[in-house]
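Everything on this sheet refers to the single structure shown next.
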Amino acid sequence: MSSESPELKQQRVKEFMGLLPLTLSLAGLPESEPGKIFSEGQLESRATTIRAAYKVARQLIAEISR
249 MSSESPELKQ
259 QRVKEFMGLL
269 PLTLSLAGLP
279 ESEPGKIFSE
289 GQLESRATTI
299 RAAYKVARQL
309 IAEISR
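Each position in the sequence shown, counted from 1, maps to that position plus 248 in my numbering.
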């Protein structure tokens, strides 16, 4: 189990949600076609792209706030 306090976990979730629009914009992923379901491999690939974009978004915000 994680040793993070519930407050810290909540803060991290809030940070992620606040950066989500920027993250998704940076990721540049196309929306799915109506009625089309992504395969497991496609979902994993998209998740990896979003993780990388989130790291860039956090770095960008850190640079701006300096």
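We put the CB at the ideal spot given by N, CA and C, even for glycine. These numbers come from a predicted model, not from an experiment.
Selected residue, minimal CA-CA separation from P278, among R294, P269, L270: R294
Taking F264 as the reference, give the member of V304, E311, E288 with the closest Cα. V304
Helix, strand or coil, according to DSSP, for E288 in the structure here? helix
Boundaries of the alpha helix (DSSP H) in which G283 is found, first to last residue: No alpha helix (DSSP H) holds G283; DSSP gives it neither H nor E.
Under 8 Å by Cβ, that's how I've got L256 and R306 pegged, so tell me the actual separation to the nearest angstrom. Not a contact, Cβ separation roughly 16 Å.
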